[in-house]
Amino acid sequence: MANNSADHPPGNSVAEVDHEGDFGCTMMQLRELMELRSGEAVSKIAECYGDVQGICRRLKTSPIEGLSGNPADLEKRHTSFGKNFIPPKKPKTFLQLVWEALQDVTLIILEVAAIISLALSFYHPPEGDNEDCGEAGAVADEGESQAGWIEGAAILFSVIIVVLVTAFNDWSKEKQFRGLQSRIEQEQKFTVIRKGQVIQIPVAEIVVGDIAQIKYGDLLPADGILIQGNDLKIDESSLTGESDQVRKSLEKDPMLLSGTHVMEGSGRMVVSAVGLNSQTGIIFTLLGAGEDEEKKVKKGKKQGPPENRNKAKTQDGIALEIQPLKSEEGVESEEKEEKEEKEKKKVNVTKKEKSVLQGKLTRLAVQIGKAGLIMSAVTVVILILYFVINTFGIQRKDWKAECTPIYIQYFVKFFIIGVTVLVVAVPEGLPLAVTISLAYSVKKMMKDNNLVRHLDACETMGNATAICSDKTGTLTMNRMTVVQAYIGDTHYKTVPEPEAIKPETLEILVNSISINSAYTTKILPSEKEGGLPRHVGNKTECALLGLVLDLKRDYQPIRDEVPEEKLYKVYTFNSSRKSMSTVIKNSSGPGFRMYSKGASEIVLRKCSHILDASGQQRVFKAKDRDEMVQKVIEPMACDGLRTICVAMRDFSTEPDWDNEADILNDLTCICVVGIEDPVRPEVPEAISKCQRAGITVRMVTGDNINTARAIATKCGILQPGEDFLCLEGKDFNQQIRNDKGEVEQERLDKVWPKLRVLARSSPTDKHTLVKGIIDSTVGETRQVVAVTGDGTNDGPALKKADVGFAMGIAGTDVAKEASDIILTDDNFTSIVKAVMWGRNVYDSISKFLQFQLTVNVVAVIVAFTGACITQDSPLKAVQMLWVNLIMDTLASLALATEPPTESLLLRKPYGRDKPLISRTMMKNILGHAVYQLVITFTLLFAGEKFFNIDSGRSALLHAQPSEHYTIIFNVFVMMQLFNEINARKIHGERNVFEGIYRNPIFCSVVLGTFALQIIIVQFGGKPFSCTALTIDQWLWCIFIGVGELLWGQLITAIPTHRLKFLKEAGHGIPKEDIAEEVLIEGADEIDHAEMELRRGQILWFRGLNRIQTQMDVVYTFQTGQTAVPGALRRQPSVVSQHNDIKVVNAFRSSLYEGLEKPESRSSIHNFMSHPEFVPISEEESRISTIDEGCAEFELPFSSKPLQS
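Numbering (this note's numbering), first residue to last: 690 to 1893.
Here you go:
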């Protein structure tokens, strides 16, 4: 491959494309290189570029100094290799949203009815025949019948208004979401080296040729080639679907791909492809960044790449042919990548299951809708029957051709009345109220340092009954300092003076700390005058470096002497090792020296020597160790200190570095230090608030149990005199696992209710605990669990939890990716704010429901009985639509934006099974409905006498609007307006005006509705079937409305507990249905077709399972009756059964195909890469019926026949 740099001197480029000539390789060459894996890639690099340094030279970058950061150079790189940005999907246009809003079934029915009504209104029957059509022919005066089109037009007009309002709401929601999106993306930064300085830059600013530093927990933002790495392991499942971690090294596999997670180790890479040219970008373009393509891909029309390619070219101005991945997993990874990318763009991806609230609301809305449908159908049937019997039965008229249009006009009118009843009955404001409430809360929660990634998380948080919190950084300040040390047989209660320590020991200690820590960890001078120095990188390592500075030494010269390239081997820290070790070659003679540090109990167990007061090694036996644990480590831990042991080992010859057990053994202890991490001052108060609010806080930490207990007591998690448990991970596992080592829910249920502190826990323990609490059915309600985490290893627990909180500052990308809410200030108090907002969302929706259902009940009954008795609904179609609009859309705005108050934290959480509509609310709904119905019917049947006006009942087709019906409509709206104020309280409080001025939206909605009502009544005329009212009539209407407030006080006075007959509504999932629900839970909003498919598979499983169980029963019976012959007879069926099982297993594996490979169940990483995908072990427990089915069989078939 020719080196083009000679042909084009820099800066001499003529055409856009020729820019690539400035660098020694083109974008396409780099892309082709990045598509290779492992061995192929290494040989290709060697063949074309010599080595990685050769690539760096061609990209004009220095592996040590990085890029210069010169703007002209960066611009040139952007032009040649593209930007590190994948354009998001285009948002839906306003017109698309309007079209979607029009798809609503009830609206379509109304539109059709209105159009028929319009068409018929323009038909005028020939003169003189009307009398023959019976009463139906009697039409009010001519001018009126001319205006018959108004009603149809008005209905169409109100439909348009409803559609526009809905579309506007969706549009603003989408806009807010994208704002949130961009904020999340801006916050993502990555560490690169420029001009020899390590700096953090936003991910979008990374260019090809940048030298990026990668470390444990990073999500790689671009493709790159490894320059130098220590013990680097990557989880590439998001791209390849392989869940095993891939080891990366210069010799075997130096290719690092964007979108993959660093699970262990650290290193540096040169960025080779960004944005749409990175592996993630290529797959994204294959899927077509546009909407239509995505739909095609979803529907499974995978033959679409040609159009996609053109689309991609035109969209991004990159003229290139896009090739699929050169790997076997092409298609599989595409589908996965689609999911992965969708999550990365975080476009409203719903979590594991419908949130608690959505579940309850959907069930409620369906129930109400069914009731409404029945009522409206009955209304239409009654009206038509009455009309037919009256006209053709009682009046004995014949159906004449010329009368047909008149009859049809009547039928259409009846039909419209029926549809109107349906429109009012269906609470379509519900989804709107939820959306508004959530969107409003999310916006406000940003101010409280909660960055919400999944909308439903904020409402789920209000139901939380348990919080499993990390210790470091969440409850404590994460500003570590060494305060005690044990060096040379002496336990120093404060950091010793350097003179007190033997120079040889000091030398070894300082070298060990400086070299055996990530070189990215530093202590920098404070930014403010007189402030504390800044800790950058791992906080525990910062504490140790602080100790070096306290001992009047400096770590930087030592690091300069032994740069990262000279480190021979690094065993990085991970959750299973709980220690970190670095090996260097001895400069003076042969051999190696290894420095180690880690949790004191673990490292001390591996020590066989210790440095004494004179700096000499002496033997360190098991009894010495026990004595040291008692006299040094436990006292330190009881003061709430974290204990870290620093050790070393010399090797005279080179051992087998991969045999870790032998290497990390026979160590010499240099010192043990106690590190203090002070509790955040505001945490104890926040935890006591949680406890008052009925939320149990548990601490799950990797620390020593004594440290954990001390900190938990300081925070108030452990109260003196309480009956609680503090367990270590080891004891916890002994108590919850059976002899086979499987977790048993019954055993867990005995442990978790009292457990407050889990120390020395592994990520698996945290996941087991969270899963156990969520799945548990002991106690009155099912638990809703929130979890906080910052490390990569917290990913599984964060994903399993109902709400996962990741730390914004200390959190790794993996943790943030798995979480629902990011705490931007890493502070526990922000969680309490989230609880408050969550409860507020729940309450807002209950308030809205209480209001909405009162309107629905009244309007439906009035329309229904009115229509049956007077053949015409007292509330006309257009009026109903107006009521529906104000009562739905505007009320949801008013009630869903109530700000939260501290009093929300004074009650117990609702939990999963609590119904949406409590008894108190049911009492309010029915109570107010009674008042409104009595008033409305009194006005309907006696109103004309009371107001001394003409009766509006039995009006003709197209008659003038009557004062009588206008007053009924006006009173109805006034009652709703005042009832909206009543609806502000749902727990039976007396003062409904409390804090009303704190919610300007509420006040403006109520006043705005009132103003509009005046306009409609006074000037609405024919379209609204209204006629102007006098001042007296208006005052009466308002007076009746105010009666609602007084009546509300009366209802509050009735004690709820007396009203046993009231049912609650809107329940969660009852316990017995959990198993059913759980089966379908896996189908998480992927797409309806896929959902149906999943459902089909599950039914298929169940069917098979039943057959299997039946055969099992038959078989057992046979064994019971005839021993030997039965066994012989059944041999063939055993084979067929085994085949059956094979079929099930094959089917099962096909279901899991896009998920994971079954072998790697135990691996932590299966469940990190795909938010939508559930860990296989869980997926299995969901389809447990099959599992148990299979197990039942394999036993009988494999053993019993043989025995018998």
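Virtual Cβ for every residue (Gly too), placed ideally from N, Cα, C.
Keep in mind the model is a prediction, meaning the values are calculated, not measured.
Within the DSSP secondary-structure output, Y1175 pairs in a beta bridge with H1180 and V1361. Bounds of the beta strand (DSSP E) holding F1281 are F1281 to A1288. Looking at the DSSP output, E1417 bridges to A1448.
Inside the stretch 1447 to 1516, DSSP marks whole beta strand (DSSP E) runs of 3 or more residues at positions 1474 to 1478, 1492 to 1496 and 1510 to 1512, from first to last along the chain. I1322 is the residue among K1241, T1229 and I1322 whose C-alpha sits nearest the C-alpha of Y1175. When rounded, the separation of the alpha-carbon atoms in A1288 and C1404 is 23 Å. Put simply, the stretch 1707 to 1724 does not touch the stretch 1591 to 1610. Fewer than three CB pairs are less than 8 Å apart. Annotation for K1211: V1225 and G1226 place their beta carbon closer than 7 Å to its own, counting only its chain and skipping 5 residues before and after. Only residues of its own chain outside the window of five on either side were considered, and among them E1669, I1690, F1691, V1694 and V1695 have a CB closer than 7 Å to the CB of A1583, listed in chain order.
About 59 Å separates the beta carbon of G1151 from that of A1302, a gap too long to meet the 8 Å contact definition. In the three-state reduction of the DSSP assignment, H1653 falls in the helix class.
For I1299, the uninterrupted beta strand (DSSP E) segment begins and ends at C1296 to L1300. The bridge partners DSSP lists for R1426 are V1432. In this structure G1391 is buried. Its beta-carbon is surrounded by 16 or more other beta-carbon atoms within 10 angstroms. D1339 carries a strand assignment under DSSP once its states are collapsed to helix, strand and coil.
Assignment of Y738 by DSSP, reduced to helix, strand and coil, places it in the helix class. With respect to the C-alpha of L1735, the residue from F1682, L1748 and K1455 having the closest C-alpha is F1682.
Secondary-structure assignment with DSSP links D1087 through no beta bridge to anything. In its chain, beyond the 5 residues on either side, T1609 have a beta carbon closer than 7 Å to the beta carbon of H1676. Look at the beta carbons and you see the stretch 1161 to 1171 touching the stretch 1365 to 1378: at least three pairs across the two are nearer than 8 Å.
A Cβ-Cβ contact shorter than 8 Å links Y1244 with V1237. Taking C-beta atoms as the reference points, E1733 and F1667 count as a pair closer than 8 Å. Inter-residue distance for F1100 and I805 is about 11 Å (C-alpha atoms, whole angstroms). Per DSSP, reduced to three states, the secondary structure at V881 is strand. Here the stretch 1545 to 1557 lies against the stretch 1063 to 1080, with 3 or more beta-carbon pairs under 8 Å apart.
For E1733, the enclosing alpha helix (DSSP H) stretches over residues I1720 to A1742. Closest option to K1182, judged by alpha-carbon separation, among L1330, F774, I1624 and D1345: L1330.
DSSP places R746 within a helical segment (H, G or I) once states are collapsed to three. Judged by DSSP in its simplified three-state form, D1315 adopts helix.
Contact check between the stretch 950 to 965 and the stretch 911 to 925: three or more CB pairs, one atom from each, fall below 8 Å, which counts as touching. V1619 and E1587 have their C-alpha atoms roughly 27 Å apart. Setting aside the 5 residues that flank it on each side, S1465 is surrounded in the same chain by Q1434, L1437, D1438, W1441, R1471 and Q1472, each with a C-beta closer than 8 Å to its C-beta; the list follows chain order. Around the beta carbon of P1452, 16 or more other beta carbons sit within 10 angstroms, so the residue counts as buried. Around the beta carbon of V1467, fewer than 16 other beta carbons lie within 10 angstroms, which makes this residue exposed.
Looking only at G1278, G1304 and D1313, the smallest Cα-Cα distance to K1295 is reached by D1313. Residue pairing of K1749 in beta bridges, as defined by DSSP: absent, with no partner found.
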